[in-house]
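Sequence positions in the sequence shown follow the working numbering and run 3 to 141. We put the beta carbon where it would ideally sit given N, CA and C, even for glycine.
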Amino acid sequence: MKFSSVSKKQTFNFAKKFSKQLTGGETLGLIGNLGTGKTIFTKGLAAGLGVKKNITSPTFVLMKIYPVTKHKQIKLLAHLDAYRVKSANDLITIGAKEYFNRPDTVTVIEWADKIKRILPRKTKFITIIYKDNSRIIKF
């Protein structure tokens, strides 16, 4: 699947619609350069799931957990950021793997390409490429 977005709003709305396909237990690995829209995508996903809190990138804390309110099965959104990790063990140490494959949780990882070795085999990788004032979102 491929989607082209020319604005933050389009990226947000695409992710919001995409969230309706999620049933729980998914791990989504976001890959893209700095400023391509990984956090905007996560914000849209969170909005679609009914997360009420403001979503910010967990670059310095590495992981944030948000309650999900509008979904029968999904109760948590785990948002991780591997940009600053020196090794995947940094995320293991803070308990990130506990959220992988949980049927009541969707896990979203920014900079997932840095920690592929610890991700579940069924991780859905989403690549966001910024080119010519637009973003290409590829699954």
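Please report the distance separating the alpha-carbon of residue i from that of residue j.
{"i": "Y2", "j": "V108", "result": "The chain is shown from 3 up to 141; residue 2 falls before or after that span and cannot be answered."}
{"i": "F127", "j": "D115", "result": "9 Å"}
{"i": "E28", "j": "I76", "result": "10 Å"}
{"i": "K22", "j": "I67", "result": "19 Å"}
{"i": "I120", "j": "A90", "result": "7 Å"}
{"i": "F16", "j": "K4", "result": "11 Å"}
{"i": "M65", "j": "T41", "result": "13 Å"}
{"i": "K45", "j": "H73", "result": "16 Å"}
{"i": "F14", "j": "N35", "result": "17 Å"}
{"i": "I131", "j": "T71", "result": "31 Å"}
{"i": "A48", "j": "T58", "result": "11 Å"}
{"i": "K140", "j": "P60", "result": "23 Å"}
{"i": "L82", "j": "K11", "result": "22 Å"}
{"i": "T95", "j": "V87", "result": "11 Å"}
{"i": "N56", "j": "N135", "result": "26 Å"}
{"i": "V110", "j": "D92", "result": "16 Å"}
{"i": "K97", "j": "W113", "result": "It should be pointed out that residue 97 corresponds to Gly in this sequence rather than to Lys. Computed Cα separation, rounded: 18 Å."}
Which residues mark the beginning and the end of the alpha helix (DSSP H) in which residue i is found?
{"i": "L51", "result": "K40 to L51"}
{"i": "D92", "result": "N91 to T95"}
{"i": "T25", "result": "Note, T25: premise wrong, no alpha helix (DSSP H); not H, not E."}
Can residue i and residue j be called in contact, C-beta distance under 7 Å?
{"i": "I33", "j": "T129", "result": "yes"}
{"i": "G50", "j": "K18", "result": "yes"}
{"i": "P105", "j": "G31", "result": "no"}
Would you verify that the beta carbon of residue i is, or is not, closer than 7 Å to some beta carbon of chain D?
{"i": "I33", "result": "The structure shown contains no chain D, having only a single protein chain."}
Going by DSSP, what residue range makes up the beta strand (DSSP E) through residue i?
{"i": "S6", "result": "K4 to S7"}
{"i": "S2", "result": "The structure shown does not extend to residue 2, since the chain is modelled only from 3 through 141, so no value can be given for it."}
{"i": "L121", "result": "Neither: L121 is in no beta strand (DSSP E) and is coded neither H nor E."}
{"i": "D83", "result": "L78 to D83"}
{"i": "K66", "result": "M65 to P69"}
Using the three-state DSSP reduction, which class does residue i fall into: helix, strand or coil?
{"i": "A98", "result": "helix"}
{"i": "D106", "result": "coil"}
{"i": "T58", "result": "coil"}
{"i": "K11", "result": "helix"}
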